[in-house]
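Going by the UniProt record's numbering, the first residue of the sequence shown is number 1, and it counts up by one from there. Take a look at the structure set out below.
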Amino acid sequence: MNLSIKEVIKSNSASDNDQGNIFFNKLKGLLEEQNNKIYIDFQGIDLVTTAFLNDAIGKIFLDYPFDEVKDKIKFRNIRDRDDLEMLKLVITNAIEMFDKINK
Numbered sequence: 001m002n003l004s005i006k007e008v009i010k011s012n013s014a015s016d017n018d019q020g021n022i023f024f025n026k027l028k029g030l031l032e033e034q035n036n037k038i039y040i041d042f043q044g045i046d047l048v049t050t051a052f053l054n055d056a057i058g059k060i061f062l063d064y065p066f067d068e069v070k071d072k073i074k075f076r077n078i079r080d081r082d083d084l085e086m087l088k089l090v091i092t093n094a095i096e097m098f099d100k101i102n103k
C-alpha cells in the first residue's frame, strides 16, 4: 500500500508536529489494520523537518519494536540525501529510546 505524505497532510511542506501527528495516526491505523507493506511516499514534499518526522515516523518506532515494523514500512521518493539522513537519525533515536524504556 502506498501512503502519500502529501495526500495525508494536504500540503507539500511537512514541517510541524500537528502534521506529524495526523500522519502518525493514519500510519498507526494502517499498521493495526493490515499486514501488507506500507510504502511511505515523499513524492511532492518540498520541505521536511525533524519536528514532522519525530511525530510522524519516530513515534511508530517508540510504540512498536523495530523487528515488528522493519519489514512492514518502506520509504519512497525521499527528495535528497539530507532528508534521508534526517529520517535515519529520527528512526535511530526512536529505536534507542524504545530500548531504554523497555529494558
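Yeah, the Cβ is synthetic: ideal placement off N, Cα and C, and Gly gets one too.
Expected contact under 8 angstroms - CB spacing of residue 5 and residue 42 to nearest Å: Locating residue 5 in the sequence shown gives position 5, where the first residue counts as 1. Locating residue 42 in the sequence shown gives position 42, where the first residue counts as 1. So it is a contact: roughly 6 angstroms between Cβ atoms.
Give the DSSP-derived three-state secondary structure of residue 42 in the structure shown. Translated into the one-based positions of the sequence shown, residue 42 becomes position 42. Of the three classes helix, strand and coil, the one that applies to residue 42 here is coil, per DSSP.
Taking only the alpha-carbon atoms, compute the straight-line gap between residue 67 and residue 46 and give it to the nearest angstrom. Translated into positions along the sequence shown, residue 67 becomes position 67. Translated into positions along the sequence shown, residue 46 becomes position 46. Residue 67 and residue 46: Cα-Cα distance of roughly 30 angstroms.
Option nearest residue 37 by Cα separation, candidates 79, 85, 10, 1: Working through the sequence shown from its first residue, we reach residue 37 at position 37. Among 79, 85, 10, 1, the Cα nearest to that of residue 37 is on 1.
Got a sec? Which residues, its chain only, sit under 6 angstroms from residue 94 by beta carbon, not counting five neighbours each side? If you number the sequence shown from 1, residue 94 lands on position 94. Counting only Cβ-Cβ distances below 6 angstroms, and skipping sequence neighbours, we find 58, 61, 62.
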